[in-house]
Every structure is written in C-alpha cells, then in structure tokens.
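Peer 1: Quick mapping for you: the protein sequence lines, in order, are chains A and B.
Residue numbers for the first sequence follow this note's numbering, so the first one is 3 and each next one is one higher.
Residue numbers for the second sequence follow this note's numbering, so the first one is 3 and each next one is one higher.
We put the CB at the ideal spot given by N, CA and C, even for glycine.
2 protein chains.
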Amino acid sequence: MPTRVALSAEQITALQEYEACTAPAAPDARVERLVTELIERVADKWTMLLIEVLTEKGELRFTRLRECVPSISYKMLTQTLRSMEREGLVARTVHPVIPPKVEYRLTLLGLSLSAAFCGVWMWAEKHIAEVEQARTTFDRARDCGTVPE
Amino acid sequence: MPTRVALSAEQITALQEYEACTAPAAPDARVERLVTELIERVADKWTMLLIEVLTEKGELRFTRLRECVPSISYKMLTQTLRSMEREGLVARTVHPVIPPKVEYRLTLLGLSLSAAFCGVWMWAEKHIAEVEQARTTFDRARDCGTVPE
DNA sequence: TTCAATATGCACCTAAAGGAGAGTGAGAAT
DNA sequence: ATTCTCACTCTCCTTTAGGTGCATATTGAA
Numbered sequence: 003m004p005t006r007v008a009l010s011a012e013q014i015t016a017l018q019e020y021e022a023c024t025a026p027a028a029p030d031a032r033v034e035r036l037v038t039e040l041i042e043r044v045a046d047k048w049t050m051l052l053i054e055v056l057t058e059k060g061e062l063r064f065t066r067l068r069e070c071v072p073s074i075s076y077k078m079l080t081q082t083l084r085s086m087e088r089e090g091l092v093a094r095t096v097h098p099v100i101p102p103k104v105e106y107r108l109t110l111l112g113l114s115l116s117a118a119f120c121g122v123w124m125w126a127e128k129h130i131a132e133v134e135q136a137r138t139t140f141d142r143a144r145d146c147g148t149v150p151e
Numbered sequence: 003m004p005t006r007v008a009l010s011a012e013q014i015t016a017l018q019e020y021e022a023c024t025a026p027a028a029p030d031a032r033v034e035r036l037v038t039e040l041i042e043r044v045a046d047k048w049t050m051l052l053i054e055v056l057t058e059k060g061e062l063r064f065t066r067l068r069e070c071v072p073s074i075s076y077k078m079l080t081q082t083l084r085s086m087e088r089e090g091l092v093a094r095t096v097h098p099v100i101p102p103k104v105e106y107r108l109t110l111l112g113l114s115l116s117a118a119f120c121g122v123w124m125w126a127e128k129h130i131a132e133v134e135q136a137r138t139t140f141d142r143a144r145d146c147g148t149v150p151e
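1) If you draw a straight line from the alpha carbon of Leu17 (chain A) to that of Cys146 (chain A), how long is it in whole angstroms?
2) Under the three-state reduction of DSSP, which class applies to Thr139 (chain A): helix, strand or coil?
3) Cβ closer than 7 Å: which chain A residues qualify as neighbours of Ser114 (chain B)?
4) Starting from Glu87 (chain B) and walking both ways along the alpha helix (DSSP H), at which residues does that stretch end?
5) Against chain A, which members of the segment 60-74 of chain B pass a CB distance test of less than 7 Å?
6) At which residues does the alpha helix (DSSP H) containing Ala22 (chain A) begin and terminate?
7) Here's the rule: buried if 16 or more other CB atoms are within 10 angstroms of the residue's CB, otherwise exposed. What is Glu12 (chain A)?
8) With 16 other CB atoms within 10 Å as the buried threshold, where does Val37 (chain B) fall?
9) What residue range is occupied by the uninterrupted beta strand (DSSP E) comprising Thr95 (chain B)?
10) Leaving out five residues before and five after Val96 (chain A) in sequence, what residues of the same chain have Cβ atoms less than 7 Å from its Cβ?
11) Exposed or buried, Thr5 (chain B), counting other C-beta atoms within 10 Å across all chains shown (16 or more means buried)?
12) Could you tell me the distance, in whole angstroms, from the CA atom of Thr57 (chain A) to the CA atom of Ile53 (chain B)?
13) Which two residues bound the contiguous alpha helix (DSSP H) that contains Glu69 (chain A)?
14) Starting from Glu105 (chain A), follow the alpha helix (DSSP H) in both directions and report where the run begins and ends.
15) Find out if the Cβ-Cβ distance for the pair Val133 (chain A), Leu40 (chain B) is shorter than 8 Å.
16) Work out the CA separation of Thr82 (chain B) and Ile74 (chain B) for me, nearest whole Å.
17) DSSP state of Cys120 (chain A), grouped into three classes?
18) Return the residue from the list B:Arg137, B:Ser116 and B:Met50 that minimises the CA-CA distance to Val71 (chain B).
19) On a CA-only basis, which of A:Ala45, A:Thr138 and A:Glu89 is nearest Asp141 (chain B)? Give me that one, please.
20) Work out the CA separation of Ala131 (chain B) and Val55 (chain B) for me, nearest whole Å.
21) Assuming Ala31 (chain B) is part of the alpha helix (DSSP H), what are its boundary residues?
22) In terms of residues, what are the limits of the alpha helix (DSSP H) holding Glu61 (chain B)?
23) Around the C-beta of Tyr76 (chain A), are 16 or more other C-beta atoms found within 10 angstroms, so that it is buried, or is it exposed?
24) Return no unless some Cβ of chain A is closer than 8 Å to the Cβ of Arg88 (chain B).
25) How would you list, in chain order, the residues of chain A whose beta-carbon sits under 8 Å from the beta-carbon of Arg137 (chain B)?
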C-alpha cells in the first residue's frame, strides 16, 4: 500500500464534486496538440515532486517547500511554482508582513492532477524491481555485443 | 470519451494477469530515491508519446513509428527507444533481411505503464479549458502588476 | 549499372535547463 | 548599531537536450 500521494477523505470528496462539473474538450486535431503541449508542461519532475508534497502537507510556505524537496534549487523552485500558478495548479497567498510570508497550496485543479499522477507513482513503486532487472539484463547483453550501443 | 490510450480488451486481460503476479517494493528511503529517479526517466514527453502510439498501433517498425510522431527527430527516436528497451518497456525484434527491418512493441511492463499514463492523458483532455482560463487570468494580473513577473 | 530503401552511428552545433552565489528591503531581535 | 529572516531576483556559468546532416552495407528493382 503506497503512502505516496494517497488522497485524504476530504480531498477525495472535494475532488468528486469538482470533477462532476467539469466538461472534457471536443476531440479534434487542434485539441490533440493542446493536450500534448499541456502534458509536456506538466509532466516534469519538479512539478510532480511539488504536487506530491503539497498533496501530502497541504499549505506550505516557500522555505518549508524547499526543505521538503532538498534536491531543488531556489531558482527552480521559484520558476516551477510560478509556472504552476499560471497553469492554475497552485494558489499563492502573500501575507504582507515583515519578513515576508508567502504560502502555496494546490487548487482543486492541482489536486485533480495529483490524483492522475497517483497511478504513475504507484506504477513506479510496484515495478521498480522489474525495471532494475531489465536494466541489468540489457547491460549484460550490450557487453556481449548482442545489442547496439 | 477519450480515444487516447484506451486499452483494448486483450490488452486489459493480459495486464490483469500480469499485475496479479508482480509485487511492490518495500517502502523505505532508498526505494523513495529509486522511485523518484524512475519517474524522472519515464515521465518525459518522447517516452509518453511513443508509449501512446505503440499502445494504439501495436507492433511498429522504426520508420512507421517516426511517421506516427512527426515531431521527433531520428536521433531522439533512436535514443528514446534504446532507453525504453533498457528499462524493459519495449521489445526490439531485428529481422535479418536487406534492407533491415526492426520492429518495436510494448512489453507487458510497458503496457502497464501505458495504463498508468492513461489517467494523465485523460486529465489533460478534460481540464485543458480550465488551464487556458487560468493562464489568461494570470497573464492579465501580471500585466496589471498584481503578481510577480 | 545505378538507384532506392532501412535503421542506425557519428560529428558538430545551438538552445535550453539548471546550478552557484550575491543582492534586496524592512522590521524584529540582540 | 548590527545582525538575522524571508522570498525572492539577477547575473554568470556549466551541463544537458536536441537538431542537422552525412556515412554505411546490401540487395532487389529500374
């Protein structure tokens, strides 16, 4: 049972209400392109990692977020958050105090993407051993020259 | 009803048998890292696009594959296929004829990833209008200086 | 005989991603 | 008076992604 990105009961309820009112787009060629382009923007590692921690921890401020994803640099954190805000995935709340305080949380749209990503995380967790097996098999075959380099 | 990556009945049957025999890994910190790294490798746009057409069309040879994904260059096609083969997602069959004939198809592992990606494609199809709305709202706010650039 | 077809490999180049580190501004703590 | 905090921004630099174009071996078709 994966602990990653498992949604809470409240999250699921909110999501169900939300999904009920959203309509899919008509499937033509222009939409195809938009969908592909959207996938390209959204399926990157920083976005996936940030969505994961925001799903898990709820609202977080900039520095806390950074602590939860230690491998990200300030630059990429800012950049990714800004992009996610633009796509409507996160909401940014500025508290006008000194020192500054800015909080980030997922919107419902962001939460719905989190639910979609859940399947991919679970896939990775479940199949990692097979992938490692495949890698060693492939590398061994390559060392024997059975396979292109 | 999205036409993208909808699995066929046979695909679903094969997948169910397969998933029943695969075990998830134990959830510790080392596994966390491996999972994240795996996600990083697998969640890139070329891999997603190739998995999509291979799910849809079944077995394809190199040039056909290229025709189905016109935006990819030969270099990236080769590179991505090789990487997918190493991860165990596709099987590569060489027919020793002249001119050469090489066919690619998804393994069961690849098909299971395809099923996991399905949710993300459907999310994108369903929510694209909201994302576009969010973008224009954000850009307008930025033009008014309400939001950082 | 010359040509086309196939699945790459290789070399060179540009563009984009990403990292490191310094700077900022105002108030609260020392 | 000085220092510390936060949420950035800016600049400079390195690394990686990705594109373009050429080379190849072989054989059946023109």
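Peer 2: If we stick to the structure as given:
1) 52 Å
2) helix
3) Think of a sphere of 7 Å around the beta carbon of Ser114 (chain B): the chain A residues whose beta carbon falls inside it are Trp125 and His129, in chain order.
4) Tyr76 to Arg88
5) Sequence-ordered contacts of the segment 60-74 of chain B with chain A are nonexistent [C-beta pairs closer than 7 Å].
6) Element bounds for Ala22 (chain A): Ala11 to Ala22.
7) exposed
8) buried
9) Val92 to His97
10) Within the same chain, Val96 (chain A) has close Cβ partners Val104.
11) Since pLDDT at Thr5 (chain B) reaches only 46, below the 50 mark, its modelled position is unreliable, and no value is offered.
12) In this structure, the straight-line span from the alpha carbon of Thr57 (chain A) to that of Ile53 (chain B) is close to 27 Å.
13) Its alpha helix (DSSP H) spans residues Phe64 to Cys70.
14) From DSSP, Glu105 (chain A) is part of no alpha helix (DSSP H) but of the beta strand (DSSP E) over Lys103 to Leu108.
15) yes
16) 10 Å
17) helix
18) B:Met50
19) A:Glu89
20) 24 Å
21) Ala31 to Val44
22) Neither: Glu61 (chain B) is in no alpha helix (DSSP H) and is coded neither H nor E.
23) By the neighbour-count rule (16 or more Cβ atoms within 10 Å), Tyr76 (chain A) is not buried but exposed.
24) yes
25) What Arg137 (chain B) touches in chain A: Arg88, Glu89 and Gly90.
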